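See structure below.
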Amino acid sequence: MGKKVLIVDDDPDIITFVVTVLEENGYISLMALNGEMGMTIIKAEKPDLIILDILMPKQSGIKMYRDLKSDESLKKIPVIILSGIAKRTFLRSQEALTAFGDEPVPEPDVYIEKPVEPEELAETIKNVIG
Amino acid sequence: MGIKKLLFVTQFEELWFDALQSLMDLRKAGLNHVVFIHVVDRDKVAMRRGKGYLKGEEIKLKEMANVRFIDWAEALFEQGMEVGAYILVGNLVPKIVSAAQEEDVDLIVTGHHKRSKIEEIYAGSEIIELLRRSSKPVLVHKYMLPSGKVNDRPFEKPLLATDWSRASKKAVEYLISLKNIIQKIEVIHVAGEKSLRGFSAMEVQKIRKENKQRLDETCEIFRAEGIDAEEHLYVGNVTEQINRAAHERGASMIVAGTTGKGPLKERWLGSVPKSLAEESEFPTLLVPTGGEQTGS
Chain U
1 MGKKVLIVDD DPDIITFVVT VLEENGYISL MALNGEMGMT IIKAEKPDLI ILDILMPKQS
61 GIKMYRDLKS DESLKKIPVI ILSGIAKRTF LRSQEALTAF GDEPVPEPDV YIEKPVEPEE
121 LAETIKNVIG
Chain H
1001 MGIKKLLFVT QFEELWFDAL QSLMDLRKAG LNHVVFIHVV DRDKVAMRRG KGYLKGEEIK
1061 LKEMANVRFI DWAEALFEQG MEVGAYILVG NLVPKIVSAA QEEDVDLIVT GHHKRSKIEE
1121 IYAGSEIIEL LRRSSKPVLV HKYMLPSGKV NDRPFEKPLL ATDWSRASKK AVEYLISLKN
1181 IIQKIEVIHV AGEKSLRGFS AMEVQKIRKE NKQRLDETCE IFRAEGIDAE EHLYVGNVTE
1241 QINRAAHERG ASMIVAGTTG KGPLKERWLG SVPKSLAEES EFPTLLVPTG GEQTGS
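So the sequences go chain by chain: U and H.
Heads up: the first sequence is residues 1 to 130, going by the numbering used here.
Heads up: the second sequence is residues 1001 to 1296, going by the numbering used here.
Structure representation (structure tokens):
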């Protein structure tokens, strides 16, 4: 059975693009439209990989990533950030939240700034989870 | 209460990032989450004879908004804030109301998207429509002061216009929840000229005394919460006098409760919140009574 990959993004065009890449490469795709929905699916499905956007309604990828990496049972799930938000901003925001008293969190496994070519995305997923 | 999460409505005409920055003082009152919303007017992408639905135009307009929101979001994320965004196609007010409900925001911030006279006759004012459909307080933000300077502390010295209604009481509660960023509140009541017509001098003085006493009681509520407050009684046209008081007292914004008249009544007779929102030079915070407004 193929490995499960959760895509968390509010843009239906991006979801369609990533799902196509995943299915063409033999992965099972799961979808969530925001961080809140993403965490619910993660807890229920325990995916092998999460592909995460940052700027979304309800709950951003920054908050979701922090929640994920602060949960002992989920923190080992690898994450590829796929976003229009710069990596520098992601790191600075996590530093700011740590400075406000939250626990520090590790950097994501891979950070890709949109857009991405399908071959590059497929290759990256393969490198992370095989 | 308090303002932890706000919905920032921008059509990229009146409100830009500097308008949002001017609200960052709210962080002292607990603000930690900003949600942007931009609504592409359906008419801009609607079906055209010989062209069909303008999908290319929709993508262009949405991406233009996305580029701006990414830039704004980066600045806020780096300050440790939580940020969200909606870029939608449709009618402005229903989309704002729906996003405000979904996100459960504490405040909607909007510019004044003025409709044409013809549109107002048929559809009414957008601000009033928003207040009628949403139970959330609405700040019609005008971030440039009459002096031409940026109003970067709009909540510092609000002027509360009270008519003793349930909505006015709600506005008092709302302001108390913002006490960390308020230096002083000017509380005014305007006795309309019509309400004094036909009274003797003695009766007018009695009304003045009663109103003064109620104003003082309202100020006492604020003082008990550690907020400096001063009462003022004005007489005349309500909207004009509220504006005059805001100028005279150096207010940073006008705050009023709103009960939401029925759409037809408002359209033909006008309303004080609508006039303040659309005509005043000051940011205008309108606080509804709470609960869904259905209009009539």
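Built from N, CA and C at the ideal position, the CB exists for glycine as well.
Please read all numbers here as calculations on a predicted model, not as lab measurements.
Residue i: buried (16+ other C-beta within 10 angstroms of its C-beta) or exposed?
i, result
"M1202(H)", "exposed"
"M64(U)", "buried"
"N127(U)", "exposed"
"D984(H)", "Outside the displayed span of chain H (1001 to 1296) sits residue 984(H), for which this structure offers no information."
"V1172(H)", "buried"
"K133(U)", "What the structure shows of chain U is the stretch from 1 to 130, and residue 133(U) is not part of that stretch, so it cannot be assessed."
"E1129(H)", "buried"
"A1224(H)", "exposed"
"P104(U)", "exposed"
"Q1205(H)", "exposed"
"V1067(H)", "exposed"
"H1033(H)", "buried"
"G130(U)", "exposed"
"S93(U)", "buried"
"W1268(H)", "Reliability fails at W1268(H), whose pLDDT of 47 lies under 50, so the model's placement of it is uncertain and no value is given."
"K1044(H)", "exposed"
"M1309(H)", "Because chain H is modelled from 1001 through 1296, residue 1309(H) falls outside the range shown and cannot be assessed."
"R1049(H)", "exposed"
"K1194(H)", "exposed"
"G1148(H)", "exposed"
"S1200(H)", "exposed"
"M39(U)", "buried"
"G1111(H)", "buried"
"G972(H)", "Nothing can be reported for residue 972(H): it is not among the residues displayed for chain H, which extend from 1001 to 1296."
"S73(U)", "exposed"
Is residue i helix, strand or coil when you go by DSSP?
i, result
"D9(U)", "coil"
"G61(U)", "helix"
"S1275(H)", "helix"
"W1268(H)", "The pLDDT assigned to W1268(H) is 47, lower than 50, so where the model puts this residue is not dependable; a value taken from the coordinates is nonetheless given after this. Three-state DSSP puts W1268(H) in a helix."
"S29(U)", "strand"
"K4(U)", "strand"
"M1202(H)", "helix"
"T1218(H)", "helix"
"E36(U)", "helix"
"T1284(H)", "strand"
"G1295(H)", "In this predicted model, G1295(H) has a pLDDT of only 38, less than 50, meaning its place in the structure is not dependable; the value taken from the coordinates is given anyway. DSSP places G1295(H) in coil when its eight states are reduced to three."
"L1130(H)", "helix"
"L1061(H)", "helix"
"I1070(H)", "helix"
"L49(U)", "strand"
"T20(U)", "helix"
"M56(U)", "coil"
"L68(U)", "helix"
"K1209(H)", "helix"
"I41(U)", "helix"
"I1003(H)", "coil"
"I14(U)", "helix"
Could you check how far apart the C-beta atoms of residue i and residue j are, in whole angstroms? I think they sit under 8 Å.
i, j, result
"D1018(H)", "V1150(H)", "7 Å"
"V1039(H)", "K1005(H)", "The pair is not a contact, with the Cβ atoms about 19 Å apart (cut-off 8 Å)."
"I81(U)", "P108(U)", "5 Å"
"Y1064(H)", "P1154(H)", "As written in the sequence, residue 1064(H) is Met, which differs from the Tyr given in the question. Contact doesn't hold; Cβ gap of about 28 Å is too wide."
"L97(U)", "V79(U)", "The Cβ separation is near 16 Å, so there is no contact."
"G2(U)", "G35(U)", "Actually they are not in contact, since the Cβ atoms of G2(U) and G35(U) sit about 25 Å apart, beyond 8 Å."
"P57(U)", "V5(U)", "That belief does not hold up - the Cβ atoms of P57(U) and V5(U) are roughly 22 Å apart, past 8 Å."
"I42(U)", "I50(U)", "7 Å"
"T1289(H)", "R1133(H)", "Actually they do not touch by this definition, with Cβ atoms about 14 Å apart."
"L1196(H)", "I1242(H)", "That pair is no contact at about 17 Å."
"L1159(H)", "A1046(H)", "At roughly 42 Å, the Cβ-Cβ gap does not stay under 8 Å, so L1159(H) and A1046(H) are not in contact."
"E1156(H)", "I1127(H)", "So it is not a contact: roughly 23 Å between Cβ atoms."
"G84(U)", "I1087(H)", "Between I1087(H) and G84(U) the Cβ distance is about 12 Å, and since that is not below 8 Å, they are no contact."
"V1105(H)", "L1007(H)", "4 Å"
"I1185(H)", "I1227(H)", "6 Å"
"E1058(H)", "V1089(H)", "6 Å"
"L1178(H)", "A1029(H)", "5 Å"
"V18(U)", "I7(U)", "5 Å"
Quick one: which chain C residues come within Cβ less than 8 Å of residue i?
i, result
"M39(U)", "Of the protein chains in the structure, U and H, none is chain C."
Checklist entry - In the region 1227-1266 of chain H, which residue ranges form an unbroken beta strand (DSSP E) of at least 3 residues, counting only runs that do not cross its ends? => result 1228-1235 and 1253-1258
Checklist entry - Can you list the alpha helix (DSSP H) stretches of 4 or more residues lying completely in the region 1072-1112 of chain H, in chain order? => result Within the region 1072-1112 of chain H, the complete alpha helix (DSSP H) runs of at least 4 residues are 1092-1103.
Item to check | Continuous alpha helix (DSSP H) assignments of at least 4 residues falling wholly in the region 78-128 of chain U | outcome: Listed in chain order, the complete alpha helix (DSSP H) runs (minimum 4 residues) inside the region 78-128 of chain U are 87-99.
Next on the checklist: Report the start-end ranges of each beta strand (DSSP E) in the region 1005-1055 of chain H that is 3 residues or longer and not cut off at the edges.
Outcome noted: 1005-1009 and 1033-1041
Checklist entry - Would you call the region 1202-1216 of chain H and the region 1169-1189 of chain H touching, i.e. three or more CB-CB distances under 8 Å? => result yes
Checklist entry - Can you list the alpha helix (DSSP H) stretches of 4 or more residues lying completely in the region 1136-1206 of chain H, in chain order? => result Secondary structure remark: continuous alpha helix (DSSP H) runs of at least 4 residues inside the region 1136-1206 of chain H, in chain order: 1166-1176 and 1193-1196.
Checklist entry - Can at least three beta-carbon pairs, one atom from the region 1130-1146 of chain H and one from the region 1279-1286 of chain H, be found at a separation below 8 Å? => result yes
Checklist entry - Contact between the region 1073-1081 of chain H and the region 88-97 of chain U: three or more CB pairs below 8 Å? => result yes
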